[in-house]
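Before any comments, here is the structure.
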Amino acid sequence: MSGLRGLLLDAANRLFEAATDDEVLEGVEAGRFPADHWRAIEENGLADILLPETAGGAGVDFGDAMAVARAAGAFALPLPLVETIIGRRLLADARLEPPAGPLGVVTAAPVTAVAWPDEIAALVVADQPDSVGWVAAVDVDFKAGTNGAGEPAGRLRDRLAIPAGRSGRRRSGPGACELMATARTAMIAGAMERILDLTIEHVQGRVQFGRPLARFQAVQQLVAVMASHAAVVGVASDTAVAAIEAATEGGSNKACFTAACSKARASEACCEVTRIAHQLHGAIGYTREHDLHRFSRRLWTWRDADGDEGYWQAQVGRLAIGAGGDGLWPLLAGA
Amino acid sequence: MKAPSTHLRFSPAVLPETAANLRAQVRALLEETRAAGVWSPDGLSWWGRNPALSRALGDAGFIGMTWPSEYGGSERSYLERYVVTEELLAAGAPTAFHWFADRQIGPSILSYGNEEQKRRFLPPIARGEIAFAVGMSEPDSGSDLASIRTRAERTDGGWRLNGSKIWTSYAHVAEYCVALVRTAPKSDKRHAGMSQVIIDLLHSNGITVRPIVDLPGRHDFNEVFFEDTFVPDDCLLGSPGDGWTQVTSELAWERSGPERFLTNFHLLRALVDALRESASPAAQREVGRLVSRLWALRAASVSVAAALEAGETPNVESALVKDLGTNFQQEVPEAVRRIVADEGIRDEALLDLLQQVVLAAPSYTIQGGATEILRGIVARGLRLR
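Listed in order, the protein sequences are those of chains B and G.
For reference, each letter of the first sequence is one residue, going 0 to 334 in numbering that gives the first Met the number 0.
For reference, each letter of the second sequence is one residue, going 0 to 384 in numbering that gives the first Met the number 0.
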């Protein structure tokens, strides 16, 4: 952890809070990109945090960047910030100059839909192990629509062809797929922390049969289960981040297994966490009048993004079966 | 909307650099003793009892690892002990002989025992020579432990014990039992008036041990009756009346350990071996689902271990790990059943193990704190009660 994390998070929380007020989010549902908030985030250097200092980055470590991703999740930030952070880093690693503006990222994991297809400058294409390139968004034939969170999102119709001069070799280290999975896991962890907060607040405040819902054992048990899943996703996220940091320094394929496990676990837990949150909120949680939907809808979108649980479970399963009985424990214990 | 609050603390933890070396030592010891016929995996994992293996582990310094050397310990860190524990579990080694003394009774004696008790009991525990049973539950006191009725009354030079303890695993073969008993009558203060006593099971008067055969048909459980059993003064552990605090202070150590999610790891091992030749995409996903859950549980458990090492008392986090871990352990055999059926697996050894685990599974979420109690503790940690 760099000494900057506290300051960085203070700035991020302040910016994200402003970028997620009711007016902005209603605008997003109507397809309006909150350009001034994006500009403020850019001006504060958040989109460049993973760039080396020589390329204009803040010189923070991967863990700091992922703390920002987690905060983005905790605020349901409707902007392609994490894609831009990772996308710029991938291009910098391949010594490519990134185009100005927000980015989308395509990796080897199945692509669901690219957020803000009309606003991003380019799609970073990193679906091959050792090369990376980019395509200007205007040259991509998107099938326009919205994602489950109500943000504009475009599906890809064709394979992307990278124009000459816009691709480079990626040095070794964690793959784009693992980086995006780890970042998305951090966002899911943040959104789960928020949903837990909202749920605790609701069951403590809502009175039925003459007492707060929190006084009912059946309710307590459900909140405990939900909190357990949220906590384990949180620690899974931290552990995956630590593995990527270790891999960035020394080079290790442990990060691949770890990233796969973390996204598999995070995506899988979304079902139980949102199910319980909605059950306990009752009818008000099933409206646009309460904030819960901002987070539950994003969890349903993010669990599919950058590889859903089935995709990552298959990766983990292949590694586990490949390791065999005697190799299974060393794979898990990392030694 | 501000940044969300942190309700439960799971700081990411890193295992010490000595871990690799320790793993290699444990693996070598297990391999040697196995080759020498000392033990073989019997599917019971840490519930299997093998005095000879425990002796070998004691000789190698793997019991009482964190205790001071003057009491037979190796002065290792708690995280180093964690590494050894998980290696034993991953190998499915039978460790029940020393498990309870190493995990909770030894630490209790170290924390609350007097000098004479520490010198008398800790070195032979660390050598793997004496075994302890745990006397907590009673016929009318399961999850509601504070309602125990076994009482110890003052008598010349000691205490006179009357009552019974139940589910005392291996009391029929253990040398000692540490029991929670009432040393003062019940009062308004629910948790007052209890004390811990060390009972010599082999040489005390008035002890009857009744075997209780468990669901799989094994005899681990017992009901132990005390009839005017004399317990000398020097066998009271800690201060009279502090029993409840002493017992609950060790719960985090008991609950968050890797035995709460690795008990049937051997089944997973056998499964991936059986799938080596061919595995359908569905089987791959299911294996990946189990392994990713196990990986995440281990990360949480290591985090609790690091908090314990740092001197914190993560009781809520431990309850959470035990709840999720034991539920995971119950899911394993069900998932394996589906895979075995879908893939047409006929591996006899795997099927035998599966049957054994199916029969053991109901106990996971009861022993050491039932699911409902654990979730209640988590709810209290979230300030819902």
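Glycine included, each C-beta is placed from N, C-alpha and C at the ideal position.
Sequence-distant residues of the same chain with beta carbon closer than 6 Å to residue i, five excluded per side
{"i": "D305 (chain B)", "result": "A108, M179, A180, R183"}
{"i": "L28 (chain G)", "result": "A59"}
{"i": "A175 (chain B)", "result": "L89, T106, A125"}
{"i": "T83 (chain B)", "result": "A46, P101, L102"}
{"i": "A91 (chain B)", "result": "L50, A54"}
{"i": "T244 (chain G)", "result": "none"}
Beta-carbon neighbours of residue i, restricted to chain B and to distances below 8 Å
{"i": "E85 (chain G)", "result": "A332"}
{"i": "P3 (chain G)", "result": "A73, G189, E192, R193, L195, D196"}
{"i": "V331 (chain G)", "result": "Neighbours of V331 (chain G) on chain B: none; closest Cβ ~13 Å, over 8 Å."}
{"i": "A19 (chain G)", "result": "A334"}
Chain-ordered chain B contacts of residue i [CB-CB under 9 Å]
{"i": "D322 (chain G)", "result": "A223, V224, S227"}
{"i": "S39 (chain G)", "result": "Those within 9 Å of S39 (chain G) in chain B number zero; the least Cβ separation is about 15 Å."}
{"i": "F29 (chain G)", "result": "Here residue 29 (chain G) is Leu; the residue named in the question, Phe, does not match the sequence. Those do not exist, as L29 (chain G) stays about 12 Å from chain B at its closest Cβ, beyond 9 Å."}
{"i": "S302 (chain G)", "result": "V234, D237, T238"}
{"i": "H6 (chain G)", "result": "E192, L195, D196, I199, A226, A229, A230"}
Per DSSP, the bridge partner or partners of residue i
{"i": "T84 (chain G)", "result": "For T84 (chain G), which the question treats as bridged, DSSP gives no partner whatsoever."}
{"i": "S4 (chain G)", "result": "Looking at the DSSP assignment, S4 (chain G) forms no beta bridge with any residue, so it has no partner."}
{"i": "I165 (chain G)", "result": "G:E222"}
{"i": "S279 (chain G)", "result": "The partner list for S279 (chain G) (beta bridge, DSSP) is empty, contrary to what the question assumes."}
{"i": "I129 (chain G)", "result": "None, per the DSSP bridge assignment."}
{"i": "E152 (chain G)", "result": "G:R159"}
{"i": "V301 (chain G)", "result": "Per DSSP, none; premise fails for V301 (chain G)."}
{"i": "R379 (chain G)", "result": "Answer is none; R379 (chain G) lacks a bridge partner."}
{"i": "R181 (chain G)", "result": "G:R150, G:M193"}
Chain-ordered chain B contacts of residue i [CB-CB under 7 Å]
{"i": "D272 (chain G)", "result": "G323, G324"}
{"i": "P280 (chain G)", "result": "A313"}
{"i": "R275 (chain G)", "result": "I320, G323"}
Chain G contact residues for residue i, given Cβ-Cβ distances below 8 Å
{"i": "C260 (chain B)", "result": "V290, S291, W294, A295"}
{"i": "N12 (chain B)", "result": "K1, A2"}
{"i": "G316 (chain B)", "result": "A278, A282, Q283, R284, E285, V286, G287, R288, V290"}
{"i": "R264 (chain B)", "result": "S291, R292, W294, A295"}
{"i": "Q220 (chain B)", "result": "E371, R374, G375, A378"}
{"i": "E16 (chain B)", "result": "M0, K1"}
{"i": "V202 (chain B)", "result": "L383"}
Sequence-distant residues of the same chain with beta carbon closer than 7 Å to residue i, five excluded per side
{"i": "G189 (chain B)", "result": "R69, A70, A71, G72, A73"}
{"i": "P93 (chain G)", "result": "W38, D41, L43, G47, R48, N49, L52"}
{"i": "A39 (chain B)", "result": "L14"}
{"i": "G156 (chain G)", "result": "P231, D232"}
{"i": "G105 (chain G)", "result": "G63, W66, L121, I124"}
{"i": "R168 (chain B)", "result": "A93, D129, S130"}
{"i": "L358 (chain G)", "result": "L214, P215"}
Given residue i as reference, the closest of the options once Cα atoms are compared
{"i": "V23 (chain B)", "options": "B:W37, B:N12, B:R274", "result": "B:W37"}
{"i": "A239 (chain B)", "options": "G:I62, G:D346, G:P50, G:A298", "result": "G:A298"}
{"i": "V231 (chain B)", "options": "B:R205, B:I243, B:A263", "result": "B:A263"}
{"i": "C216 (chain B)", "options": "G:L383, G:V82, G:H97", "result": "Contrary to the premise, residue 216 (chain B) reads as Gln rather than Cys in this sequence. Answer by Cα proximity: G:L383."}
{"i": "P15 (chain G)", "options": "G:V208, G:Y81, G:E311, G:N326", "result": "G:Y81"}
{"i": "L298 (chain B)", "options": "B:M65, B:F141, B:P33, B:M186", "result": "B:M186"}
{"i": "R284 (chain G)", "options": "B:W311, B:E200, B:L291", "result": "B:W311"}
{"i": "Q203 (chain B)", "options": "B:L197, B:P211, B:D196", "result": "B:P211"}
{"i": "G112 (chain G)", "options": "G:P215, G:L236, G:F327, G:E174", "result": "G:L236"}
{"i": "S73 (chain G)", "options": "G:E31, G:A89, G:L21, G:R26", "result": "G:L21"}
{"i": "K217 (chain G)", "options": "G:V196, G:S168, G:L179, G:E69", "result": "Here residue 217 (chain G) is Arg; the residue named in the question, Lys, does not match the sequence. Among G:V196, G:S168, G:L179, G:E69, the Cα nearest to that of R217 (chain G) is on G:S168."}
{"i": "A191 (chain G)", "options": "G:S68, G:T247, G:R159, G:P210", "result": "G:T247"}
{"i": "E308 (chain B)", "options": "B:I161, B:C270, B:A121", "result": "B:C270"}
{"i": "W422 (chain G)", "options": "G:I376, G:E371, G:Y363", "result": "In the structure displayed, chain G extends from 0 to 384; residue 422 (chain G) sits before or after that span and is not available."}
{"i": "A305 (chain G)", "options": "G:N326, G:L353, G:W252, G:F264", "result": "G:W252"}
{"i": "Y77 (chain G)", "options": "G:T17, G:L56, G:G36", "result": "G:T17"}
Proximal residues to residue i (C-beta, below 8 Å), its chain only, five neighbours per side dropped
{"i": "E16 (chain B)", "result": "F74"}
{"i": "S163 (chain G)", "result": "E137, P138, T149, E222, V223, F224, F225"}
{"i": "A334 (chain G)", "result": "E285, R288, L289"}
Listed by chain order, chain G residues near residue i by CB distance under 7 Å
{"i": "L76 (chain B)", "result": "Those do not exist, as L76 (chain B) stays about 11 Å from chain G at its closest Cβ, beyond 7 Å."}
{"i": "T238 (chain B)", "result": "P11, A298"}
{"i": "N43 (chain B)", "result": "What N43 (chain B) touches in chain G: nothing, since even the nearest Cβ is about 16 Å away."}
{"i": "V309 (chain B)", "result": "What sits at residue 309 (chain B) in the sequence shown is Gly, not Val. Those are R284, listed as they occur along chain G."}
{"i": "I161 (chain B)", "result": "In chain order: nothing, as chain G lies at least about 30 Å away."}
{"i": "L327 (chain B)", "result": "L267, R268, V271"}
Chain-ordered chain G contacts of residue i [CB-CB under 9 Å]
{"i": "A267 (chain B)", "result": "Residue identity differs from the one stated: residue 267 (chain B) is Glu in this sequence, not Ala. The answer, in chain order, is R288, S291, R292."}
{"i": "R231 (chain B)", "result": "It should be pointed out that residue 231 (chain B) corresponds to Val in this sequence rather than to Arg. Those are F9, R292, A295, L296, A298, A299, L319, V320, L323, listed as they occur along chain G."}
The ligand NAP heavy atom lying under 6 Å from the CB of residue i
{"i": "T167 (chain G)", "result": "Annotation note on the ligand NAP: not contained in the displayed structure, which lists no ligands."}
In chain order, what are the residue ranges of uninterrupted alpha helix (DSSP H) at least 4 long that sit wholly in the stretch 14-48 of chain G? 18-34
To test your reading of the DSSP string, which unbroken beta strand (DSSP E) runs of 3 or more residues are found completely within the stretch 43-114 of chain B? 102-106
What are the start and end residues of each continuous beta strand (DSSP E) run of 3 or more residues lying completely inside the stretch 118-154 of chain B, in chain order? 121-125, 130-135, 141-145
Which runs of the beta strand (DSSP E) spanning at least 3 residues fall entirely within the stretch 154-234 of chain B, listed in chain order? 166-168
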